[in-house]
Amino acid sequence: MLMTLTPDQIIQSLEGRFPNVIQAAYPEDKHPRIHVAAADTRIILEFLRHDPALQMDWLRCLSAVDYVADNQLSVVYDLYSFTHRHMFAIKAYCDRADPSLPSVVDLWPAANWHEREAFDLLGITFTGHPDLRRILCADDWIGHPLRKDYTFPQEYHGIPANLNLPWQHKPKSAK
Numbered sequence: 662m663l664m665t666l667t668p669d670q671i672i673q674s675l676e677g678r679f680p681n682v683i684q685a686a687y688p689e690d691k692h693p694r695i696h697v698a699a700a701d702t703r704i705i706l707e708f709l710r711h712d713p714a715l716q717m718d719w720l721r722c723l724s725a726v727d728y729v730a731d732n733q734l735s736v737v738y739d740l741y742s743f744t745h746r747h748m749f750a751i752k753a754y755c756d757r758a759d760p761s762l763p764s765v766v767d768l769w770p771a772a773n774w775h776e777r778e779a780f781d782l783l784g785i786t787f788t789g790h791p792d793l794r795r796i797l798c799a800d801d802w803i804g805h806p807l808r809k810d811y812t813f814p815q816e817y818h819g820i821p822a823n824l825n826l827p828w829q830h831k832p833k834s835a836k
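First residue of the sequence shown? That's 662 in the working numbering, and the numbers climb one at a time after it.
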């Protein structure tokens with residue numbers, strides 16, 4: 662029987678199963694979600710994947726965000742249930758100095774490339790990932806280009822960077 666749950670019902674289920682783990686809940690937001698610490702991420706995601714009433718069997722997207730002012734990075738897991746037709750998101754926060762979260766490749770194989778992208782561009786380590794290496798930048802690239810404090814290199818292997826691009830300057834006033 663198809664039983665689509667509302668974001669409120671999903672949150673109630675999670676709060677009942679994991680008291681004192683949810684840091685914030687946004688059931689009425691355009692992007693319904695909860696916020697959790699990195700240490701609590703794996704057990705919540707396993708529950709969402711395997712609980713018969715939830716069955717979040719599709720990882721729609723895994724993305725990462727840099728909160729440089731708060732000295733944190735986050736990973737957002739957008740989930741969907743094909744069985745029940747409900748969706749929900751988990752936003753997990755980790756320390757920017759040593760960002761690490763458990764891999765979920767075994768729960769959703771599509772996480773493989775998503776986690777590699779977050780590793781490459783923001784420097785988040787996914788423990789237990791079967792092949793965590795760069796996916797977009799060259800293997801010898803220094804740094805993580807999507808971090809807000811990243812400084813683009815002046816050159817790479819002798820190839821100069823063009824730092825004088827037209828879109829970086831205001832157009833001259835017409836007379």
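From the three backbone atoms N, C-alpha and C, an ideal C-beta is built for every residue, glycine too.
Check, Outcome
"Nonlocal neighbours in the same chain, by C-beta distance under 7 Å from Lys809, ignoring five residues either side", "Asp727 and Val729"
"Whether His745 touches Leu675 by CB criterion (8 Å)", "no"
"From Ile671, Ala698 and Arg795, residue whose alpha carbon lies closest to that of Val682", "Ala698"
"Beta-carbon contacts of Asp801 that lie in its chain and below 6 Å, excluding the five residues immediately before and after", "none"
"Limits of the beta strand (DSSP E) - the one that Leu782 falls within", "Taken as a continuous stretch (DSSP letters only), Leu782 belongs to no beta strand (DSSP E), being part of the alpha helix (DSSP H) at Ala772 to Leu783."
"From Pro821, Ile751, Ile820 and Glu778, residue whose alpha carbon lies closest to that of Glu707", "Ile751"
"Cross-strand partners of Pro760 (DSSP beta bridge)", "None, per the DSSP bridge assignment."
"Start and end residues, beta strand (DSSP E) containing Thr788", "Thr786 to Thr788"
"Secondary structure, alpha helix (DSSP H): runs of 4+ residues fully inside the region 665-727", "668-678 and 699-711"
"Beta-carbon contacts of Gln815 that lie in its chain and below 6 Å, excluding the five residues immediately before and after", "Ala822"
"Exposed unless 16 or more other CB atoms sit within 10 angstroms - verdict on Phe813", "exposed"
"Boundaries (first-last residue) of the beta strand (DSSP E) holding Leu793", "Leu793 -> no beta strand (DSSP E), and no H or E assigned at all."
"Given Cys755 as reference, the closest of Ser764, Ile785 and Tyr738 once Cα atoms are compared", "Ile785"
"Helix, strand or coil at Val736 according to DSSP, with G and I counted as helix", "strand"
"Three-state secondary structure assigned by DSSP to Ala750", "strand"
"Bridge-paired residues (DSSP) for Ile803", "Ile803 is not bridged to any residue."
"Proximal residues to Arg757 (C-beta, below 6 Å), its chain only, five neighbours per side dropped", "Asn732, Gln733 and Leu734"
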